[in-house]
Amino acid sequence: MMMSVKASVFLLVLYFTTPISGLEVKSDPEVSGGFVHTELEKTVSLTCLSEPQEAELVWLRNGQLISIAEGNTWGSSRLCVTPVTHNDHAAIFTCQMKNNASVNASVQLEVTYAPLHSGKEEVSVEQTRELELSCDVFANPPVLVSWQQHGDPIDLSEGGFLLTNDGFTSRLKVGRVDRAVHQGPYSCVTSSPIYPNRTKSFEVTVTDKTLQFQTDLIFPMIAGLVVIGCTTLLAIISRWRWITQVTQKHTHVFFYCPCGNQTIDLHSKSDFP
Ligand SMILES: *[C@@H]1O[C@H](CO)[C@@H](O)[C@H](O)[C@H]1NC(C)=O
Ligand SMILES: *[C@@H]1O[C@H](CO)[C@@H](O)[C@H](O)[C@H]1NC(C)=O
Ligand SMILES: *[C@@H]1O[C@H](CO)[C@@H](O)[C@H](O)[C@H]1NC(C)=O
Numbered sequence: 001m002m003m004s005v006k007a008s009v010f011l012l013v014l015y016f017t018t019p020i021s022g023l024e025v026k027s028d029p030e031v032s033g034g035f036v037h038t039e040l041e042k043t044v045s046l047t048c049l050s051e052p053q054e055a056e057l058v059w060l061r062n063g064q065l066i067s068i069a070e071g072n073t074w075g076s077s078r079l080c081v082t083p084v085t086h087n088d089h090a091a092i093f094t095c096q097m098k099n100n101a102s103v104n105a106s107v108q109l110e111v112t113y114a115p116l117h118s119g120k121e122e123v124s125v126e127q128t129r130e131l132e133l134s135c136d137v138f139a140n141p142p143v144l145v146s147w148q149q150h151g152d153p154i155d156l157s158e159g160g161f162l163l164t165n166d167g168f169t170s171r172l173k174v175g176r177v178d179r180a181v182h183q184g185p186y187s188c189v190t191s192s193p194i195y196p197n198r199t200k201s202f203e204v205t206v207t208d209k210t211l212q213f214q215t216d217l218i219f220p221m222i223a224g225l226v227v228i229g230c231t232t233l234l235a236i237i238s239r240w241r242w243i244t245q246v247t248q249k250h251t252h253v254f255f256y257c258p259c260g261n262q263t264i265d266l267h268s269k270s271d272f273p
């Protein structure tokens, strides 16, 4: 805002000083109030004239010197901006006398462009998955964007819809799709103060969660079973010696039990004096 106010004041000063300074910038398309209105991909042709006497001229774009052909500097100088790009919006082109910078004249480009979205997109999303629809909104002047479902404006307070807009893309998101709520036709409409409204349509189909069911549930189940199986196997292996020993011990105990008893008996006997 400050910049544009400053630029306007600057241009206003130039507007009044230009006739005195002796430099004039003409343009095709024509200059209007210091501005040249154009669109993307178009060509702007600027001509600087020094009057009454011929002088050597230079051009600057946003204060940076532009190199021009040698034969194009005396008395009058032509500059072509082609093709016009987004970056040329608000660019200031200044023509000035080479040996006296205070003799100068400027014009500012005003590049307008419409958003590029159009057509129809078929969108397929699985039940409970995330849905994202996007629409181009990069435009000058800025556009208003409205999203519709079944031809009615989307109510953001219900249906789990989330809307974002970064000036380039408008996105309509749903974190967890529910066929009953989210299946059907959508559209994004941009309205511009100078360009016709543009619409992009979407047809959203919510499919069953088939593949996801397997990957989400079967894989962890298999993984779980494998882990349990391996753990059991490892446990069995690590305790195999112990198990066999215990089994053997049990066998031994069982087998030698009478002997043990005998031994105890012997000890008992020997314990008795
Ligand atoms: C530059 O041009 C301005 C306006 O015509 C004039 O007042 C000033 O004296 C000039 N300066 C020089 C160094 O020629
Ligand atoms: C252009 O001329 C004006 C008025 O003479 C002067 O104030 C301004 O500094 C000049 N611009 C440049 C870039 O020299
Ligand atoms: C463009 O869109 C705006 C806002 O959605 C609407 O008010 C207007 O009627 C539309 N214009 C046309 C020509 O459809």
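Numbering (full-length UniProt numbering) for the sequence shown: 1 to 273. Glycine is no exception: its CB is placed at the ideal position from the N, C-alpha and C atoms.
Ser-187 is positioned such that its CB atom lies closer than 7 Å to that of Gln-148.
Going by beta carbons, Ser-67 and Leu-23 fall outside the 7 Å limit. At a cut-off of 3 residues, the continuous stretches assigned as beta strand (DSSP E) that sit fully inside the UniProt domain "Ig-like" (115-207) are 120-126, 131-136, 144-149, 161-165, 169-174, 184-191 and 198-207.
For Ser-102, the Cβ falls inside the 6 Å cut-off from some heavy atom of ligand 1.
With a cutoff of 7 Å on beta-carbon distance, Leu-57 and Thr-82 are scored as not near each other. Relative to ligand 3, the beta carbon of Asn-165 is positioned no closer than 6 Å to any heavy atom. Annotation for Ser-191 indicates a beta carbon within 6 Å of some heavy atom of ligand 3. By the CB criterion at 7 Å, Ala-91 and Ala-114 fall outside the cutoff.
By the CB criterion at 7 Å, Phe-93 and Leu-40 fall outside the cutoff.
If you draw a 10 Å sphere on the C-beta of Glu-110, you find 16 or more other C-beta atoms in it, and that means buried. Counted as a single uninterrupted DSSP element, the stretch harbouring His-86 is not any beta strand (DSSP E), since DSSP gives it neither H nor E. Here the distance from the Cβ of Ser-146 to the nearest heavy atom of ligand 3 is below 6 Å. Glu-30 sits in coil when the DSSP states are folded into three classes, being neither helix nor strand. Val-204 places its beta carbon 7 Å or farther from that of Arg-179.
Pairing Val-143 with Ser-192 gives a Cβ-Cβ distance under 7 Å. Residue environment for Asp-155: exposed (fewer than 16 other C-beta atoms within 10 angstroms of its C-beta).
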